[in-house]
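Numbering (UniProt numbering), first residue to last: 1 to 226.
What follows is the structure, encoded as structure tokens:
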């Protein structure tokens with residue numbers, strides 16, 4: 001089971017960036033690799049890459065294949081190759097794991113291994129993504145993104161390597177970890193003790209506790225099932 005919940009919060013600048021993340025030069029390069037697609041309703045924004053960080057923040061429960069929001073991007077030429085570099089926000093909270101990256105519905109590992117690279121910051125990190133800092137213009141040690149699961153990914157700007165373009169990019173993730181009151185080792189206010197689960201009741205409890213409109217007494221829930 002996987003469920004993506006749109007949490008409507010002001011996330012116009014989740015990484016504290018003040019620079020413009022979509023300039024005409026990089027936009028033109030991106031569009032050269034991207035087929036024209038119609039405008040999409042918020043309800044269907046779970047897939048693919050979205051331009052602009054003013055999108056609703058998503059919190060994923062269970063396992064799901066999701067899209068992402070481009071928070072920053074750059075281009076670079078290295079080893080006689082041109083690369084597109086992206087910081088992609090994939091969850092508005094820490095995740096348990098990134099299981100796979102897909103481009104054009106194929107695992108990234110199906111593409112030439114010298115045509116891509118990525119590094120995950122799972123939301124539990126306390127420092128900026130080191131690969132992004134070392135390789136990407138405009139990304140510094142100040143760009144930590146606390147509590148935001150994101151990754152640095154670079155893809156060769158080459159139609160031979162990526163014949164279908166790169167805009168159809170998705171991520172199979174195990175979402176946020178949950179508190180299970182049946183487990184005495186887990187503490188309700190210590191996320192380091194929580195575990196990943198697809199239990200629908202635990203997912204609902206977590207959502208109500210942290211994203212619902214009202215305070216929730218944790219003693220009011222009876223939990224059954226695994």
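All residues carry an ideal CB built from backbone N, CA and C; glycine is no exception.
- For residue 73, the enclosing beta strand (DSSP E) starts and ends at 68-78.
- The beta carbon of residue 121 is closer than 6 Å to those of 129, 150 in its chain, skipping five residues each way along the sequence.
- Straight-line measurement puts the Cα of residue 88 at about 7 Å from the Cα of residue 72.
- Counting the other CB atoms within 10 Å of its CB gives residue 127 a total below 16, which places it among the exposed residues.
- The distance from the Cβ of residue 60 to that of residue 147 is about 14 Å, inconsistent with a contact at the 8 Å cut-off.
- Here the alpha carbon of residue 205 sits roughly 17 Å from the alpha carbon of residue 95.
- Within the stretch 126-159, the runs of alpha helix (DSSP H) at least 4 residues long that lie entirely inside it are, in chain order, 130-135.
- With a cutoff of 8 Å on beta-carbon distance, residue 166 and residue 90 are scored as not near each other.
- From the listed residues 182, 190, 163, 193, the smallest Cα separation to residue 202 is found for 182.
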